[in-house]
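See below for the structure under consideration.
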Amino acid sequence: MEPLFSPALHRQRHQFVIDFVKRNKPRKVVDLGCAECTLLEKLRWFQREIDLLVGVDIDGTKVKKKMHALAPMATDYLQPSYEQLCVELYQGSVTQKDARLRGFDLVTSIELIEHLTLDDVECFSEVVFGYMNPVDVIISTPNSEFNPFLPGLSGFRHSDHKFEWTRAEFKTWAQTVCLKFGYEVEFTGVGAAPPGQQESVGFCSQIGVFHRLEGKDGCNMLRCDNAEDVFAYTLLYSINYPSLRDNNILRRVLVCEVLRWTENLKSRWSMKTTCDEALCGIEGGEEECLSERCMEVEEEQTVCGAEMRELMGPCEKDLSKDQENDYSKLQRCESVPLEVLWSHCPKVSALSGSLDNLRRILTDDPDVNLSQDGNAVLLQYDEQDLGEKEEQDDLQDSGYAEARQHCLTAEQEEDWGANV
Ligand code: SAH
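Each residue of the sequence shown is one higher than the last, beginning at 1 in the working numbering.
Here you go:
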């Protein structure tokens, strides 16, 4: 049988919320009756401007089933954004107040109220509109006038439904709530009726979008009613996404970026040295071609301001005896002026904000070696680097490299032979 709606009706309901969130950009959102957190997950993906995303359901087992899908991914740690996001999931009933649910911009209640008795709907109204008192509320519930169009349906759409309202019944309840708590409401829905019958039947899922009236925030009767700080819900899950607004994370990302760039500049310097050496030992037409590349490298070199420095002694950081020994083995290091890093590496300048800030952060960091005046990052040549380079030079001089390559080729030939 052809599906009645495409996309499926539950997807259309969630998409309605996502579109609303995209347009209105609420920062704190709570989904009541969140079940397996499907809507929360979509909101997490599509809207990074939300900084508090909360789910509540009376059925803790349902919530726990997929709640870990809301955890940050590896990329959230590797490339943290500036946005802050905290996700919290609670087990609790929407008929009970909990102080942690006040002060939200948006409350969503998708296909929930029909699961409550009419007495509980009264409590729900007081808790949501009176106590939580958010800026906006989106409520969806079945439109019973559409039921004759649902094939094979007798009775309610779900065995747990306590009622299903006509559009007029939903409107009466919604308008009463608006009058009592200072909201206005617009009616709409998802899941259109067959052609020509929309007017008389309405949407399959009817939706009320409530908006708090100006001047009604935080001053309604129930909120000022010595609003007790009740904590009726049980916290099941809480996670803070990594954010660059966290100083430790910002520092870590910035230092990685600085070290990456200084390494990058070091490689460029090595390339330049190789070019210089190569230029000394070649003839004729090759020279022109190689010197062009060397000029490019030199240009990069100048742009990036990396330069070789002969070190007279250890760098300015306090050194232990062991470190002093290490440093005595060092002969030189590469120096990258902070000013150059700051002006040529967009991520470094964006993360640090100012040159002074960059200097301050790097001064405190044990992984970064700053020059005595604090104006440049020093990148040491450790013994291994020097050793490898000297070894290469020696091998090159003695012609051993060529011989070694020949031997390897012979070994390879043997391997291939064995594999045939
Ligand atoms: N909103 C979800 C699921 C709707 S089904 C969606 O859009 O797919 C209704 C959900 O409401 C169920 O998960 C049920 O456990 C929850 N529920 C029922 N009574 C509740 C109550 N008093 N308080 C909180 N959640 C309730």
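Quick reminder that beta carbons are idealized off the backbone N, C-alpha and C, glycines included.
Put simply, the backbone Cα of residue 230 is about 55 angstroms away from that of residue 340. The beta-bridge partner set that DSSP reports for residue 212 consists of 183. Shortest gap from the CB of residue 62 to any heavy atom of the ligand SAH: under 7 angstroms.
Pairing residue 28 with residue 128, the inter-Cα distance amounts to about 14 angstroms. Per DSSP, the continuous alpha helix (DSSP H) segment holding residue 15 begins and ends at 9 to 24. Counting only the Cα atoms, residue 141 lies some 7 angstroms from residue 113. In the three-state reduction of the DSSP assignment, residue 249 falls in the helix class, which pools H, G and I. The region 136 to 185 contains, as complete alpha helix (DSSP H) runs of 4+ residues, the segments 167 to 181 (chain order). Within the DSSP bridge table, the entry for residue 364 names no partner. Inclusion of residue 166 and residue 123 in the CB contact set at 8 angstroms is not warranted, their separation being larger than that value. Scanning its chain for C-beta atoms nearer than 8 angstroms, with the 5 sequence neighbours on each side dropped, one finds around residue 12 the residues 5, 190, 191 and 205, in chain order.
Residue 150 and residue 3 have their C-alpha atoms spaced approximately 11 angstroms apart.
Inclusion of residue 63 and residue 30 in the CB contact set at 8 angstroms is not warranted, their separation being larger than that value. The distance from the Cβ of residue 185 to that of residue 197 is about 24 angstroms, inconsistent with a contact at the 8 angstroms cut-off.
Take residue 41, set aside five residues on each side of it, and the residues of its chain with a beta-carbon closer than 7 angstroms to its own are 69 and 70, in chain order. Boundaries of the beta strand (DSSP E) harbouring residue 86: 86 to 91, taken from the DSSP string.
A distance below 8 angstroms separates the beta carbons of residue 88 and residue 238. Residue pairing by DSSP places residue 231 opposite 98 in a beta bridge. Burial check for residue 154: the Cβ neighbour count within 10 Å stays below 16, so the residue is exposed.
From the listed residues 233, 236, 252 and 264, the smallest Cα separation to residue 242 is found for 252. C-alpha of residue 9 to C-alpha of residue 15: approximately 10 angstroms in a straight line. Per DSSP, the beta-bridge partners of residue 240 are 86.
In the DSSP assignment, residue 63 falls within the alpha helix (DSSP H) that extends over 60 to 66.
Cβ-Cβ distances below 6 angstroms link residue 266 to 334 and 379 in the same chain, with the five nearest sequence neighbours on each side left out; the list follows chain order. DSSP places residue 120 in the uninterrupted alpha helix (DSSP H) bounded by 118 to 125.
Look at residue 356 here: in three-state DSSP terms it is helix. For residue 127, the CB stays at least 7 angstroms from every heavy atom of the ligand SAH.
Only residues of its own chain outside the window of five on either side were considered, and among them 244, 250, 253, 254 and 257 have a CB closer than 8 angstroms to the CB of residue 351, listed in chain order. Note on geometry: alpha-carbon atoms of residue 188 and residue 119 lie some 25 angstroms from one another. The Cβ-Cβ distance between residue 348 and residue 377 does not fall below 8 angstroms.
Note on geometry: alpha-carbon atoms of residue 49 and residue 85 lie some 8 angstroms from one another. Burial state of residue 80 is buried, judged by a 10 Å Cβ sphere holding 16 or more other Cβ atoms.
For residue 33, the shortest separation between its Cβ and any heavy atom of the ligand SAH lies below 7 angstroms.
Taking 8 angstroms as the cut-off, the Cβ atoms of residue 39 and residue 17 count as close. In this structure, the straight-line span from the alpha carbon of residue 156 to that of residue 137 is close to 25 angstroms.
Shortest gap from the CB of residue 116 to any heavy atom of the ligand SAH: under 7 angstroms.
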